[in-house]
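Structure first, commentary second.
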Ligand SMILES: Nc1nc2c(ncn2[C@@H]2O[C@H](COP(=O)(O)OP(=O)(O)OP(=O)(O)O)[C@@H](O)[C@H]2O)c(=O)[nH]1
Ligand SMILES: [Mg+2]
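In our numbering, the protein residues as written are 49 to 456.
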């Protein structure tokens, strides 16, 4: 782990567009996230560029003038990498590389790179490499790879033992091989899961960096890696957790993100099986993040993609300790009140009326605020599932307040 911390930050520029669907405020939020992703991958963002346009230029994504502006900046400021917030088509990537003569990455590329950097187990590495190969295949000619192959750095990290080859046939063979490998692992994982018996299965899901692993550690006395970077967790951890006297399985898995590359969703199929097979989802949200509602929507979209959207869900709004809202001075009659002005109480009543009082919790995983309420709610939901499944076990698990804490 240590050597990964000693990174010479690569000088990068990030690029986005303002469209009818995406105004300047939205773009700023997206670029903030892209900057965080870049930082996670080992880059330093020196400047942001954006252009207003109805739709991207099919050849170079941006217009010619803007491209030239970036080109001059890249040359004058010794920039090694330019990162676009949107996915570039293979030909756009090729054309832009030709103009800028430096590494050109898009968001998908960057996320894949972070996954590659963070994959620890051979299973995660196999899945990431498959996603990378699938991304690479249509882009083999004209990639910046030929420019920077020896230097390494962002976008160049491969999780496998060998460097990704730039030959189409080799990549195709590799894809076939990786798919076979994953099939074998899938089978093993399936067997592992079926060996876990009849315990109720609860899965923590949510956007990246919201505190899923922190919560897992807090409930489960476990020791999952926590870090204030994106995608700290790539593999799924499953722990047996006991609340009072009620045992169940709790899993912590990879975080989601807006525009999660489809290649990744596909290759992480079995990592996500834990979610797919869960009886109950705890959808963790970072309420202190200004875009948390967008995050919820992205997570719901991915749950839909993996066909897990109709499971029982408890919304767990985390990080209430750092939640801050905007305020309007009393004599300020101009500023309009928006959701950014909501107090925690207002969010509570909003969400409780949307998903039901039972299904919205407001906690802090780090300082265990409202933790008893969280435990109670999870206990009751798990108990409900358990006794539906095993009606004769009903007497074992009384109401939370009457249940006795099991000492261990
Ligand atoms: N202030 C505050 N910070 C928190 C809270 N819970 C988690 N964090 C911090 O948020 C950061 C991310 O926490 P993780 O538990 O790694 O988040 P995660 O959802 O597992 O993230 P990924 O695995 O990257 O998807 C860490 O710096 C935590 O210390 C909380 O209740 N309050
Ligand atoms: Mg995590």
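Just so it is clear, CB atoms sit at the ideal spot from N, CA and C, and this is done for glycine as well.
Following the continuous alpha helix (DSSP H) through residue i, name the residue where it begins and the one where it ends.
i: residue 348; result: 340-353
i: residue 383; result: That residue, residue 383, is in no alpha helix (DSSP H); it is neither H nor E in DSSP.
i: residue 222; result: 216-242
i: residue 278; result: Looking at the DSSP string, residue 278 is not in any alpha helix (DSSP H), and its letter there is neither H nor E.
i: residue 68; result: Residue 68 -> no alpha helix (DSSP H), and no H or E assigned at all.
i: residue 422; result: 419-437
i: residue 324; result: 317-324
i: residue 184; result: 170-184
i: residue 266; result: 260-268
Given this structure, state the Cα-to-Cα distance separating residue i from residue j, to the nearest angstrom.
i: residue 165; j: residue 388; result: 35 Å
i: residue 378; j: residue 350; result: 42 Å
i: residue 126; j: residue 337; result: 33 Å
i: residue 303; j: residue 312; result: 12 Å
i: residue 52; j: residue 249; result: Residue placement at residue 52 is flagged as unreliable, the pLDDT there being 46, under the threshold of 50; a coordinate-derived value is accordingly withheld.
i: residue 428; j: residue 70; result: 42 Å
i: residue 449; j: residue 326; result: 26 Å
i: residue 293; j: residue 67; result: 54 Å
i: residue 155; j: residue 82; result: 7 Å
i: residue 419; j: residue 241; result: 29 Å
i: residue 179; j: residue 300; result: 21 Å
i: residue 221; j: residue 182; result: 11 Å
i: residue 149; j: residue 143; result: 10 Å
i: residue 277; j: residue 320; result: 21 Å
i: residue 213; j: residue 233; result: At residue 213 the pLDDT is 44, less than 50, meaning the model places this residue with poor confidence; the figure from the coordinates comes in the next sentence. Their Cα atoms are separated by approximately 24 Å.
i: residue 403; j: residue 146; result: 51 Å
i: residue 334; j: residue 258; result: 5 Å
i: residue 305; j: residue 330; result: 17 Å
Based on the DSSP output, what are the partners of residue i in its beta bridges?
i: residue 295; result: 290
i: residue 366; result: 334
i: residue 135; result: Looking at the DSSP assignment, residue 135 forms no beta bridge with any residue, so it has no partner.
i: residue 152; result: 130
i: residue 415; result: Beta-bridge pairing links residue 415 to no other residue.
i: residue 93; result: 60
i: residue 300; result: 252, 285
i: residue 361; result: 329
i: residue 100; result: 66
Could you tell me the boundaries of the beta strand (DSSP E) in which residue i lies?
i: residue 254; result: 249-254
i: residue 246; result: Segment: none, residue 246 is in no beta strand (DSSP E) and carries neither H nor E.
i: residue 409; result: 408-410
Considering only C-alpha positions, which residue in the set the options is nearest to residue i?
i: residue 159; options: 279, 432, 139, 172; result: 279
i: residue 385; options: 393, 374, 392; result: 374
i: residue 184; options: 147, 139, 149; result: 139
i: residue 307; options: 320, 255, 356; result: 255
i: residue 411; options: 437, 291, 346, 260; result: 260
i: residue 135; options: 267, 295, 236, 152; result: 152
i: residue 437; options: 100, 444, 344, 246; result: 246
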